[in-house]
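See below for the structure under consideration.
Number of protein chains: 2
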Amino acid sequence: MKEGPDLSRVAALVGDPARANMLSALMGGTALTASELALEAGVSLPTASSHLAKLCDGGLVRVAAQGRHRYFALAGTQVALMIEAISGVAEAVGPQRTRPGPRDRAMREARVCYDHLAGERGVALFDHLVARGLLVEDAERLTPSDAGRRWFEALDIDVGALKQARRPMCRACLDWSVRRSHLSGSLGAAMLDTITTRGWARRDKHSRAVVFTPTGRRAFDKLLAD
Amino acid sequence: MKEGPDLSRVAALVGDPARANMLSALMGGTALTASELALEAGVSLPTASSHLAKLCDGGLVRVAAQGRHRYFALAGTQVALMIEAISGVAEAVGPQRTRPGPRDRAMREARVCYDHLAGERGVALFDHLVARGLLVEDAERLTPSDAGRRWFEALDIDVGALKQARRPMCRACLDWSVRRSHLSGSLGAAMLDTITTRGWARRDKHSRAVVFTPTGRRAFDKLLAD
DNA sequence: ACAACGCTTCGACTACCATCGAACCGTGAT
DNA sequence: ATCACGGTTCGATGGTAGTCGAAGCGTTGT
């Protein structure tokens, strides 16, 4: 009867539209305040507060008090992974939604997945790294090769420094739009950071979409050209 | 506000305890009848029927009418993947549950994930295959090498035949107990089939656990010994 | 001190939905 | 034909959880 972890408890947390919207917003990776999330979810502030309390209590969301602000963020990569997985089946089974408009197209091309790059460009990056042997899968985990290390250093990403962090550096994260893997982990996060700080792309203010500038697109394509 | 696929719709489906129990039961991979699922979920038959209608309607479950029986099964691997992901965070955030008893220990050691082997033994198998170069990750997907093909054929698994199927042959599926990947896809299913038909292990009747016989354990270990 | 602001708590209302008993509908067996 | 069986539909009931306005609390700035 009751076996294993309690699925329904955590699923029910995501099962409310307001909370789902908040979690979607938090998939952007940046921490948000209660009022921002209330706006995002389309509910009043008290309602949002109640929901956030539940999300915290349920362990899906972490809160950091800072002065008179309280910043909410996803509790961890595992939660982000789950949200993406749910999005995957929602996408697959829910063609009754509005058909893919220009907005969805942007999401497909490139979007933020928690703190790294997903979508077609994310997958393209991942494929390139693996195909060129810059990323290799040894026994149990994905690690950059020596050539890969040099490749990243050319982008001012210090692989050695990231290695220190307790967080897994590389992960393959399954994509819901394209059905393939993209680069996750701290290395994925650093990669997205590079892309934005170099002005190749900016994060859309009201969605998780990542919109590339024309020059940024060229630079990115050139990076993968060989 | 409303962007991307509708998370809450599908999450809410999993959010009910009765439905979650049914889905857990279906993670065993075998199709079950409505009455079996009612028993599993601990609800009356009408209630179960109502839930199953919703699950079908929501696209999480497929039904196959066969005489006066109606067999229910998960709609696909993507759904199974999602369930595992949710289990993952439920496991991570829910230490308020009963502490890991012998039953949970069995689940950790080996269990069925939809139709393939998960848990420590599933991960051990996957690690061995990758470490020995029997499975290699080329540009975008995991494929058995020539040596791997021979390795599988020694177990009477015809890799060529599996390749024909429309279903992806190999997939890396993230594990909730151990935090690593195990072999999914039709090859993973064939592997589990081999293990059970050879009598190395049998599937527990009332859970997803896979219990190895002493001789089966030896045979399996020997398989991975090198 | 006082006021503005961000957020939480309280209380009351509402709506939805899970639940079950009983009746109903097919299919398969006698 | 008739009965047993698996399953669904219907109707009524009850509980639970989302919702918001108003009030309360702590922090920051003037």
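Heads up: the sequence lines are chains A and B, in that order.
Position in the first sequence (first residue = 1) + 206 = the working numbering.
Position in the second sequence (first residue = 1) + 206 = the working numbering.
In this text, a Cβ means the ideal position worked out from N, Cα and C, and glycines have one as well.
Fair warning: this is a prediction, and the values are worked out from it, not measured in the lab.
No Cβ of chain B is located within less than 9 Å of the beta carbon of A:L258.
Contact residues of the region 282-298 of chain A toward chain B are G282, Q284, V285, L287, M288, I289, E290, A291, I292, S293, G294, V295, A296, E297, A298 (C-beta to C-beta distance below 9 Å).
Close partners of B:P223 in chain A (Cβ separation under 7 Å): S214. For B:G264, the chain A residues whose Cβ falls inside 8 Å of its Cβ are V299, in order along the chain. Between the C-alpha atoms of B:M397 and B:T239 there is a straight-line separation of about 26 Å. A:K411 is the residue among A:A217, A:P420, A:K411, A:G405 whose C-alpha sits nearest the C-alpha of A:E242.
By the CB criterion at 9 Å, A:R317 and A:F418 fall outside the cutoff. Proximity of chain B to A:A218 at the Cβ level (cut-off 7 Å) is accounted for by G221, in chain order. Rounded to the nearest angstrom, the gap between the Cα atoms of B:R311 and B:R408 is 16 Å.
DSSP lists A:Y277 as the beta-bridge partner residues of A:T239. For B:L340, there is no enclosing beta strand (DSSP E), as DSSP marks it with neither H nor E. In the structure shown, the three-state DSSP call for A:V249 is coil. By the neighbour-count criterion, in which a residue is buried when 16 or more other Cβ atoms sit within 10 angstroms of its Cβ, A:R424 is exposed.
Between B:G354 and B:L341, the C-beta gap is smaller than 9 Å, which places the two residues in contact. Under a criterion of Cβ atoms nearer than 9 Å, the residues of chain A adjacent to B:A226 are, in order, D212, L213, S214, R215, A217, A218.
When secondary structure is reduced to three states using DSSP, A:L213 falls in the helix class. When the alpha-carbon of A:S214 is set against those of B:G422, B:I401, B:I289, the nearest one is in B:I289. Two segments are said to touch when three or more pairs of C-beta atoms, one from each, lie closer than 8 Å; by this definition the region 279-293 of chain A touches the region 218-236 of chain A.
Rounded to the nearest whole angstrom, the C-alpha separation of A:Y320 and A:G235 is 4 Å.
Residue state for A:H334 is assigned as helix, using DSSP reduced to three classes. In the three-state reduction of the DSSP assignment, A:R327 falls in the helix class. In the structure shown, the three-state DSSP call for A:R314 is helix. Only exposed fits A:H275, as fewer than 16 other CB atoms lie within 10 angstroms of its CB. In the structure shown, A:S351 adopts coil according to DSSP, grouped into three states. With a beta-carbon spacing of about 19 Å, A:V285 and B:V285 fall beyond the 8 Å limit used to define contacts. Taken through DSSP and simplified to helix, strand or coil, B:A254 comes out as helix. In the structure shown, the three-state DSSP call for A:L389 is strand.
In the same chain as A:L266, and ignoring 5 residues on each side of it, the C-beta atoms closer than 8 Å to its own belong to V216, L219, V220, L229, L280, A281, V285, in chain order. As DSSP reads the structure, B:H322 sits in a beta bridge with B:C319.
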